[in-house]
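Be aware that the sequence shown starts at 1249, since it is given in our numbering, and climbs by one per residue.
Inspection log for the structure reproduced underneath, given as structure tokens.
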Amino acid sequence: MSYLVLARKYRPQTFSEVVGQAHVTRTLANAFLQDRVHHAFLFCGPRGCGKTTTARILGKALNCEKGPTPEPCGECSACRTITDGTAVDYFEMDGASNRGIDAVRELTDAVRYQPAALRKKVYVIDEVHMLTTEAFNALLKTLEEPPPHVTFVMATTEPHKVPNTVLSRCQRYDFKLVPAAQLSAHLTSIFERESLEIESGAINLMVRESGGSVRDALSLADQVISFVGTAGITEADVAEVLGVADRALTKTLLTALADGDPGTALESVDAAVARGVDEVQIARALVRFLRDLVVTAAAPKAHVVDGSTEELAALAALAGHYSRARLMQMFDRMIRCADELSRLPQPRMVLDLALIDVATLEPLLPLGDLIDRLGALESRVGGAPRGGPSGGGDRRPERAPAPAPAPARASAPGPARASAPAPGRASAPAPARAPAPARASAPGRASAPAPGRASAPGRASAPGRASAPAPGRASAPAPGRASAPAPGGSLDAWESALSALGDDSTQLPLVQIYENAKVLTFVDDAIVLGFPVDDFQSERAADKNKVAEMQTFLRSHLGRPITLTVKLLADADLAAAPQARSAVEHKQEIANRDRADREAEARQHPITQVVLDTFGASIKEIKTDV
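Printed below as a string of structure tokens:
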């Protein structure tokens, strides 16, 4: 007699024997008890989860001599012939090889005839999604109103390919992958019935490799039994015959990487590859092991990690030896390695370098510790830190007011660094910085100074940031510019007008024409703009219609009539008016001045000086948010 594989030998014969699909089998059994059995069913789900098996049990339940019953006897002629595949009124069709309209036409013609031996005809169409559109359409009418002696059962792994017109005519049941705990118990019972000894770790490894499919798990069990024979089956045997990484290998790798020992990790990988373990499998097994450790440490009472009680206890003990930040850091690096391995021609090289990288990683320092250290540095120079570890709120240190300009510090040859004078260190006074000319704020843009950011000496307030002058800083006009109109106020008003004009998307062409114009004069009722005579926009800017359009807008924006004059000047004439600026140049000047002020403030901050002195560092670059 030919050998019968485990998947067929231990195929469930009743609804109660189906593993992991209680939501389906209970519904079907209750339908038989209440005499509410539908005429068409659609079984959906991944491979090896019991769709075809449940269809056979349904056929036996409909035709059992003791039924219809939710528990077919398995002994009557109807049950035996359906189990053996010899029943003349039970048809199992392959949708892939009978996908055309001719095959469906034969089926619809045959359903009209009464069953020859059984109570009902049962048509099981496997992989029904392979039928053509014409075949589905030909089946619709029969599927919706079949004869009372016919029941349809369709099975598919891809229900999204089944037309909605077919779905609406069936009762749909979604099968799912079997949970690891139930599948482990099922395999254990089968090995007991086969009188074979096997370790729990070996069963768990087969369950993980099966991916929740009962048929795949039993096929792997057949393969392992053939390899080992009647001797006891260990986890190492399963790992060797399947070419996968077992828990012993992943634990060795994790310990070596966490302890910074790349040599041991590389030796373990070399031994695993020598016995046929794929590099991708090693990386994926390590990623899965790291995930189990982190989840076990975070939720020790949640049953979200597959494994026996002994394995879960070992995971919890191992997770307690390492910080969660370290495990997450290793997980991040290894999951990127696993992704790259599947796409590169030399996976071993990538895996070796990734293991060395992970083993030599510096541990991450929590952000809270860094902030606490900065707070301690600030307290050393006289500032109290804000939002300490128990104070709540924002943990960032408060920005201190900018100190006076630091005197130059004598140092060895090298890059010069401005710093606050250290106690007891004599230095020459820094040269005074000439105050910038006063700038009037644009209409509607004045604001109070930001808290904790008093202007440093020599720092003029930017437009729109008007503030009270610092003590001892009398605002005076720059020498030689007393007769010129206040350029800051003029340009602020002009820039504000262009900004308001740009809010209307239909006026953007007008903004593009005048935003590069030089403001020569700007008084209460007159604006004179200068354009280079060779500028490509000059003719459009001097156009009477454009000028009139701009005057109309200025009148509505400023609330008074404005005369706009456009002069086309040579470059030399424009250069003779140094106070003339365009709106674009004005905005850039403000941004540059603010950036310079912020950089100076950052260089002169006490914390900056403490860091520079402590680490012997120098400032390479300062980035601001301006």
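Virtual Cβ for every residue (Gly too), placed ideally from N, Cα, C.
Taking a 10 Å sphere around the C-beta of residue 1480, we find fewer than 16 other C-beta atoms and assign the residue as exposed. A Cβ-Cβ separation of about 11 Å leaves residue 1294 out of contact with residue 1404 under the 8 Å criterion. Annotation: the continuous beta strand (DSSP E) that includes residue 1371 extends over 1369-1374. Considered as a whole, the segment 1467-1543 harbours 1483-1490, 1495-1506 and 1510-1522 as its complete alpha helix (DSSP H) runs of no fewer than 4 residues, in chain order.
When only Cα atoms are considered, residue 1441 and residue 1252 end up about 15 Å apart. Looking at the backbone, the Cα of residue 1311 and that of residue 1371 are separated by about 13 Å. Contact annotation: residue 1423 and residue 1269 have beta-carbon atoms nearer than 7 Å. If you draw a straight line from the Cα of residue 1342 to the Cα of residue 1300, it is about 11 Å long.
Straight across, the Cα-Cα distance linking residue 1627 with residue 1620 is about 10 Å.
For residue 1339, the enclosing beta strand (DSSP E) starts and ends at 1338-1342. Scanning its chain for C-beta atoms nearer than 6 Å, with the 5 sequence neighbours on each side dropped, one finds around residue 1813 the residues 1776, in chain order.
For the segment 1558-1635, the full-length alpha helix (DSSP H) segments reaching 4 residues or more read 1572-1589, 1595-1607 and 1615-1628 along the chain. Between the alpha carbons of residue 1322 and residue 1281 lies a gap of roughly 18 Å. Around the beta-carbon of residue 1578, 16 or more other beta-carbon atoms lie within 10 Å, marking it buried.
Distance from the CA of residue 1553 to the CA of residue 1574, rounded to the nearest whole angstrom, comes to 20 Å. Exposed is the label assigned to residue 1793, since fewer than 16 other Cβ atoms lie within 10 Å of its Cβ.
Sixteen is the threshold: when 16 or more other Cβ atoms of the shown chains lie within 10 Å of the Cβ of residue 1307, as they do, the residue is buried.
Look at the beta carbons and you see the segment 1496-1510 not touching the segment 1586-1595: under three pairs across the two are nearer than 8 Å. In this structure, residue 1858 places its C-beta atom within 7 Å of the C-beta atom of residue 1629. From the listed residues 1350, 1542 and 1362, the smallest Cα separation to residue 1338 is found for 1362.
Spanning the alpha carbons of residue 1810 and residue 1850 requires a straight line of approximately 44 Å. For the options 1622, 1801 and 1279, the alpha carbon positioned closest to that of residue 1263 is the one of 1279.
In the DSSP assignment, no residue is bridged to residue 1836. Here residue 1336 is exposed: its Cβ has fewer than 16 other Cβ atoms, across all protein chains shown, within 10 Å. Counting other Cβ atoms within 10 Å of its Cβ, residue 1551 stays below 16 and is therefore classed as exposed. Only exposed fits residue 1818, as fewer than 16 other CB atoms lie within 10 angstroms of its CB. When secondary structure is reduced to three states using DSSP, residue 1752 falls in the coil class, being assigned neither helix nor strand.
The C-beta of residue 1357 has fewer than 16 other C-beta atoms within 10 Å across all chains shown, which makes the residue exposed. The alpha-carbon of residue 1761 is positioned some 53 Å away from that of residue 1625.
The segment 1445-1453 makes contact with the segment 1466-1484, as at least three CB pairs between them are under 8 Å.
Here residue 1418 carries a coil assignment [DSSP, helix/strand/coil].
Non-local C-beta neighbours of residue 1572 in its own chain, meaning closer than 8 Å and more than five positions away in sequence, comprise 1542, 1545 and 1546, ordered along the chain.
The beta carbon of residue 1585 lies closer than 7 Å to those of 1531, 1598, 1599 and 1602 in the same chain, with the five residues before and after it left out. Here residue 1779 is near residue 1789, since their CB atoms are less than 7 Å apart. In terms of Cβ geometry, residue 1402 and residue 1290 form a close pair [threshold 7 Å]. Closest option to residue 1796, judged by alpha-carbon separation, among 1758, 1769, 1742 and 1766: 1758.
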